[in-house]
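Novice: Residue numbers (my numbering): 7 to 216.
Idealized CB from N, CA, C, for every residue including glycine.
First the structure, which I've put down as structure tokens, then a few questions once you've had a look.
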Amino acid sequence: MNILIIGANGTTGRKMVELIAKQGDHQAIAVVREENQINDLIALGASEVRLGDLTKDVSGVISNADVVIFAAGAGGASDELTRAVDQEGAIKVIDAAKANGIDRFLMLSSVGTEEPKGELKVYLESKATADAHLQESGLNYTIVRPGPLSYDDPAGTVETKEHFDSYEDRKVSRDDIAALFVHLIDHPTQSRVFEVLSGPYPIAEALRNQ
């Protein structure tokens with residue numbers, strides 16, 4: 007299958023590309039914003055790299071794919087850019103996927119979207135709006151809401167629940183989140199939303215509960 011990864015140049019997106027390429031069962035199509043990012047993604051194993059700026063029209067980029075993974079984010083650059091990328095950019099991609107007949111959509115979201123507050127309020131509101139749009143789109147979606155992300159080496163284990171009461175001291179590795187998404191490609195869930203934290207369960211086992 008062709009797996010279209012939006013935000014492929016981010017830390018988690020790059021790992022997704024690398025893992026898909028190493029497994030060899032599917033083709034990773036990377037969508038990046040800058041032309042100078044193309045060679046790096048090809049070196050990681052992307053079968054194709056497309057240029058797409060989420061603050062602009064990306065409808066022509068979202069095509070010829072079996073699964074879309076949305077892993078893009080503004081990185082907290084500004085409230086305006088956060089809304090443009092994490093909310094409106096995601097909505098554009100969802101609508102384009104539906105218009106182009108791409109049925110499966112995997113969304114990298116965040117815990118805290120149900121009650122946006124604090125210094126991440128705009129980010130969480132943007133994620134919540136995008137998630138709601140996906141849920142209403144008619145697409146076969148999976149929304150993954152990880153807790154605080156770390157740059158730690160992968161543990162290979164996580165814990166998933168519909169909702170955790172606390173996220174304290176439960177940072178999850180970006181590499182483990184990437185591996186979870188790659189696992190979902192061949193083990194799809196149907197219209198599911200769940201949270202992910204660090205935990206004791208191998209990824210495949212953790213996802214069987216979903």
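Going by DSSP, what residue range makes up the beta strand (DSSP E) through Q33?
Specialist: Within the sequence shown, the letter at position 27 stands for residue 33. Counting along the chain, the beta strand (DSSP E) containing Q33 begins and ends at 33-38.
Novice: My output table needs one value for R20: the three-state DSSP class, helix, strand or coil.
Specialist: Along the sequence shown, read from residue 1 onward, the residue named residue 20 stands at position 14. Helix, per DSSP.
Novice: Here's a check: name, in chain order, each residue in its chain whose Cβ is nearer than 6 Å to the Cβ of R89, leaving out the five neighbours to either side.
Specialist: Working through the sequence shown from its first residue, we reach residue 89 at position 83. These residues qualify, in order along the chain: S132.
Novice: Give me the Cβ distance between S197 and Y147, rounded to the nearest whole Å; I'm assuming they're in contact under 8 Å.
Specialist: Position 191 of the sequence shown, counted from the start, is the residue given in the question as residue 197. Position 141 of the sequence shown, counted from the start, is the residue given in the question as residue 147. Sure, about 6 Å apart at Cβ, within 8 Å.
Novice: Determine the DSSP secondary structure at E142, reduced to helix, strand or coil.
Specialist: As a first step, residue 142 must be located in the sequence shown, where it is residue number 136. Three-state result, E142: coil.
Novice: If you run the structure through DSSP and keep just helix, strand and coil, what is F111?
Specialist: Taking the sequence shown and counting its residues from 1, one reaches residue 111 at position 105. Note: F111 maps to strand in three-state DSSP.
Novice: For the segment 145-164 against the segment 189-208, do three or more pairs of beta-carbon atoms, one drawn from each stretch, fall closer than 8 Å, so that the two count as touching?
Specialist: Verdict: yes, contact present.
Novice: Shorter than 8 Å, the distance from the beta carbon of G205 to the closest heavy atom of the ligand SAM, or not?
Specialist: This structure lacks the ligand SAM; in fact it carries no ligand of any kind.
Novice: Helix, strand or coil for I97 per DSSP?
Specialist: The residue you call residue 97 lines up with position 91 of the sequence shown. DSSP places I97 in helix when its eight states are reduced to three.
Novice: According to the neighbour-count rule (16 or more other Cβ atoms, all chains shown, within 10 Å of its Cβ), is G58 buried or exposed?
Specialist: Mapped onto the sequence shown, residue 58 falls at position 52. Under this definition G58 is a buried residue.
Novice: Among the residues of its own chain, which have a CB less than 7 Å from the CB of L130, if the five just before and after it don't count?
Specialist: Translated into the one-based positions of the sequence shown, residue 130 becomes position 124. So the qualifying residues of the chain are S116, G118, T119, P122.
Novice: May I ask you to verify whether the segment 16-31 touches the segment 43-54, counting CB pairs closer than 8 Å and requiring at least 3?
Specialist: They touch, by the three-pair rule.
Novice: When DSSP labels each residue in this structure, what does Y147 get in the three-state scheme?
Specialist: The residue you call residue 147 lines up with position 141 of the sequence shown. Strand at Y147.
Novice: Under a three-way DSSP split, which group does Y207 fall into?
Specialist: Within the sequence shown, the letter at position 201 stands for residue 207. Three-state DSSP puts Y207 in a strand.
Novice: Let me know the secondary structure DSSP gives E125 once reduced to three states.
Specialist: Along the sequence shown, one-based indexing puts residue 125 at 119. Note: E125 maps to helix in three-state DSSP.
Novice: Do A161 and D175 have their beta-carbon atoms positioned less than 9 Å apart in this structure?
Specialist: Within the sequence shown, numbered from 1, the residue matching residue 175 stands at position 169. Within the sequence shown, numbered from 1, the residue matching residue 161 stands at position 155. Taking 9 Å as the Cβ cut-off, D175 and A161 do not qualify as a contacting pair.
Novice: Express the C-alpha separation of G16 and N210 in angstroms, rounding to a whole number.
Specialist: What you label residue 210 is simply residue 204 of the sequence shown in a count that begins at 1. What you label residue 16 is simply residue 10 of the sequence shown in a count that begins at 1. Note that residue 210 is Ala in the sequence shown here, rather than Asn. Rounded to whole angstroms, A210 to G16 spans 24 Å at the Cα level.
Novice: Output the boundary residues of the alpha helix (DSSP H) element that contains R180.
Specialist: Taking the sequence shown and counting its residues from 1, the one referred to as residue 180 is at position 174. Segment 180-192, the alpha helix (DSSP H) holding R180.
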